[in-house]
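Note that the protein sequences, when read in sequence, are chains S and H. This note's numbering applies: residue 42 is where the first sequence begins, and numbers increase by one. This note's numbering applies: residue 344 is where the second sequence begins, and numbers increase by one.
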Amino acid sequence: MYPFTFIKAPTESAALAAGAQGGKYIAGGTTLVDLMRETVERPGKVVDITALPYREIESGPSALRVGALVRMADLAAHPVVRSRFPVISQALELSASAQLRNMATIGGNIMQRPRCLYFRDVTAACNRRAPGTGCAAIGGENRGHAVLGTSDQCVATHPSDLAVALVALDAVVLLRSRDGDRRIPVAEFIRRPGTTPDKEHDLRPGELIVGIEVPGGAHTARSGYLKVRDRQSYEFALASAAVALDIRDGVIRDARVAVGGVATVPWRLSDVERLLIGKAPGAELWAAASAHAADGAKPLHGNGFKVELAKRTVERQLASIGGAA
Amino acid sequence: MAQGTPESDRSLTLTRRQFVGAVTTTAGLATTGGSASATEDGVPVSLTVNGKHHAVVVDARTSLLDLLREDLQLTGTHKGCDQGACGACTVLLDGRRINSCLTLAVMHDGAELTTIEGLAEGGELHPLQRAFIDTDAFQCGYCTAGQIMSGVGCIREGHCGSGTEIREWMSGNICRCGAYQNIVAAVQQAAKES
């Protein structure tokens, strides 16, 4: 680990000032400390924001508002989240381990950096870590990599399960800087690699995530997360699906579907949703809609199986949430 | 080598563990071209471990795990992967189980920690320590301190309703010997007693 200056920010204004001067924010530390030790991250100044007050979970009539410093474990276990936003509880509890969920924060969760081995190996070519050096994964070991949203610069998957649920539910990131506040949909906040894979998110220098807001609705209560992986627990997704359905009088009124583990960003399946809305739920519909879950996929030499796996994961989760009948 | 001299001199009075740690740090800096100068003065941290107050000055890079092992000589907490993948370093921070390798010691000024050394009370083993012996829940023993601390957290959280639930909520602790069957039995036994 490279040396750095450590600053404990006692107040929000102190944190924003230190951030504006190039400080790197730290809260749970579960990603940053690991990457600093690997020398992937080399901040000169680390700003501890854990004394800031973003720890509230507020469930209003129309939205759930979650402070950026809320721990994964606490959001997952919140009774209103469990009952009205089960997809969020499930995505969180299928992530990482109990210890990590006690440490990691919600703001940090959506800022997670890729798990690509070449990104984490400072001797390997990686456009995300060192722009212009190439992508060792495209011709290398890429079984776990993305088939959707890739570019010829980067094919790393986005690691967060929570972000898949948030994108499915149209959640918004609440940002603050010395210039004021901004609200950005999570789906826009997390960027596809394109020609600038090092620009992972739409966060301006010194800007701080203060929370997320999730609009509620009839669909959020009937929702869930399915994660398929190499081992049963404590593993990143090979494919995952967040599904939320509003079914009334035998008709699907609203549908939200997003997949994880197969794309460079949490991947919303708007075409699949369109095929579901207005129809009667049932096995045939799940099969017909999920057939489009990997439309546009560009498999690499090691991860072709993810195309079929994504479709089956979506189909199974549609049946689980919407009913098999 | 100029760089090696101070370490060699110091090593005369260091334990083997400190010596190995010091040499590793020096070698790491040499290969990455880093310098310790920016943090030479260190950062003061005071915290309570197993009921005992400690005040130390540490390099800002020090993990909570290294503070326990190197500065406080509490070597019961083990370093396995040092990247949050194995759970050997599990401790209770303000009553909750965490991976001590993935957090900076300087972030925990004023914190209360419990490590494996702090579980027994008045010479009596903690019920989960006793259960590990009763059910033969370890082989080489390297992961055991982390397993027990994690198990204490798991019991407190109330995730011990069945063997399946224990397996899921203890999945952050890897046992390379494969003693899982008996570890689950131990946690189950202690959960029933609590």
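Every residue, glycine too, gets a C-beta built ideally from N, C-alpha and C.
- Taking the Cα positions, S/Val251 is about 27 Å away from S/Ala259.
- Ranked by Cα distance from H/Leu456, the first of H/Asp409, H/Asn442, H/Gly501, H/Val434 is H/Val434.
- Counted as a single uninterrupted DSSP element, the stretch harbouring S/Asp312 is not any beta strand (DSSP E) but the alpha helix (DSSP H) occupying residues 311 to 317.
- The DSSP-derived three-state label of H/Ser493 is helix.
- Here S/Ala299 really is in contact with S/Leu310; their C-beta atoms are around 6 Å apart, less than 8 Å.
- Straight-line measurement puts the Cα of S/Ser103 at about 26 Å from the Cα of S/Lys320.
- Within the segment 420 to 453 of chain H, complete beta strand (DSSP E) segments of at least 3 residues are found at 433 to 436, 439 to 442, given in chain order.
- Comparing alpha-carbon positions, the option among H/Cys424, H/Ala403, H/Val527 lying closest to H/Thr507 turns out to be H/Val527.
- Looking at the backbone, the Cα of S/Ala58 and that of S/Thr52 are separated by about 10 Å.
- Looking only at H/Asn393, H/Val386, H/His396, the smallest Cα-Cα distance to H/Ser406 is reached by H/Val386.
- Taking a contact to require three or more Cβ pairs closer than 8 Å, the segment 187 to 199 of chain S and the segment 284 to 297 of chain S do not qualify as touching.
- Burial is judged here by how many other beta carbons sit within 10 angstroms of a residue's own beta carbon; S/Ser136 has at least 16 and is buried.
- A residue is called buried once 16 or more other Cβ atoms fall within 10 Å of its Cβ, and S/Leu215 is buried on that count.
- Pairing S/Ala118 with S/Gly173, the inter-Cα distance amounts to about 43 Å.
- Nearest to S/Val303 by C-alpha distance, out of S/Ile129, S/Arg156, S/Leu141, is S/Arg156.
- Looking from the CA of H/Gly489, the closest CA among H/Tyr523, H/Ile476, H/Glu464, H/Ala431 belongs to H/Ala431.
- For the segment 134 to 200 of chain S, there is no continuous beta strand (DSSP E) assignment of 3+ residues that stays within its boundaries.
- Spanning the alpha carbons of H/Gly515 and S/Pro200 requires a straight line of approximately 17 Å.
- Note on the segment 236 to 293 of chain S: whole beta strand (DSSP E) runs with a minimum of 3 residues are 249 to 256, 264 to 269, 280 to 289, in chain order.
- In the DSSP assignment, H/Tyr523 falls outside any beta strand (DSSP E) and within the unbroken alpha helix (DSSP H) covering 523 to 536.
- Contact of S/Met144 with chain H is assigned, a C-beta pair being separated by under 7 Å.
- With respect to H/Val399, H/Asp384 sits apart: the two C-beta atoms are not nearer than 7 Å.
- Of the candidates S/His242, S/Tyr66, S/Gly247, S/Gly247 places its Cα closest to the Cα of S/Gly221.
- Just so you know, the alpha carbons of S/Val107 and S/Ala145 end up roughly 14 Å apart.
- Contact annotation: the segment 177 to 186 of chain S touches the segment 327 to 342 of chain S, with at least three C-beta pairs closer than 8 Å.
- Here S/Val121 is exposed. Its C-beta has fewer than 16 other C-beta atoms within 10 Å.
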